[in-house]
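In my numbering, the protein residues as written are 77 to 324.
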């Protein structure tokens, strides 16, 4: 149960990262439940996923696509597309193909994520029909709607944003997450999407994310279950004027 009045923070736009939401009506009809994220050409992307052996279809697909220079993330709430067998895999792949077709990209450049009810087929017609609206709504300053679109049983939207200056260069990092109930062990039942305009290689970005998740999300304890759909993604657009971040 939430304690106190939780206000969503001011979120800085991240140059090169656009977010668009729409209402697919997957679970409810009165709020957005689909989030499309577009990364600028040349962006790098890192991710960590659930350690549950029975992971959901979108996790399998996202893992396979991560090293294919992703440009888009597609997140739906209300249906986890977990425990759905071969049809679930086909639906996750079809979701990627639909995003790719809409944006003149390749299906392997799309990472799918789902959260919600387990064991029910993903309502593909609703999802695909709402994609054009999400694309139209793509803007950089859209973190508030993004945070609400990925919520399931959360009592409030979660986000954080920071803008700092390094040697005269501005650097921005913003992120949203969702998670309620099964949060332990190892970031169970949570999704996190973080973006920065830093210039950083994919390998170093992956190292940074893995260490950060191990020291944060993986330490939260509520109960003893892991989720089928956990994921945390870190995107870097490289649009900051700060020179590339390297080791040493």
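Glycine included, each C-beta is placed from N, C-alpha and C at the ideal position.
Beta-carbon proximity of residue i to residue j, cut-off 7 Å
i           : j           : result
residue 217 : residue 91  : no
residue 98  : residue 176 : no
residue 194 : residue 158 : yes
residue 150 : residue 197 : no
residue 100 : residue 110 : yes
residue 96  : residue 207 : no
residue 185 : residue 144 : yes
residue 115 : residue 311 : yes
Cβ neighbour criterion (16 or more within 10 Å) applied to residue i
i           : result
residue 239 : exposed
residue 322 : exposed
residue 132 : buried
residue 289 : buried
residue 129 : exposed
residue 134 : buried
residue 319 : exposed
residue 86  : exposed
residue 163 : exposed
Delimiting residues of the alpha helix (DSSP H) encompassing residue i
i           : result
residue 134 : 133 to 141
residue 288 : 278 to 290
Residues bridged to residue i (per DSSP)
i           : result
residue 308 : 124, 268
residue 98  : 110
residue 82  : Paired residues: none, contrary to the question.
Proximity test, residue i beta-carbon vs the ligand MG heavy atom, cut-off 6 Å
i           : result
residue 171 : You won't find the ligand MG in this model; it holds no ligand whatsoever.
Beta strand (DSSP E) segments (min. 3 residues) lying fully within the stretch 176 to 209: 186 to 193
Any alpha helix (DSSP H) of 4 or more consecutive residues that is wholly inside the stretch 101 to 173: 133 to 141
Hey, which unbroken runs of the beta strand (DSSP E) at 3 residues or more fall wholly within the stretch 210 to 262? Fully enclosed beta strand (DSSP E) runs of 3 or longer: 234 to 242, 245 to 255.
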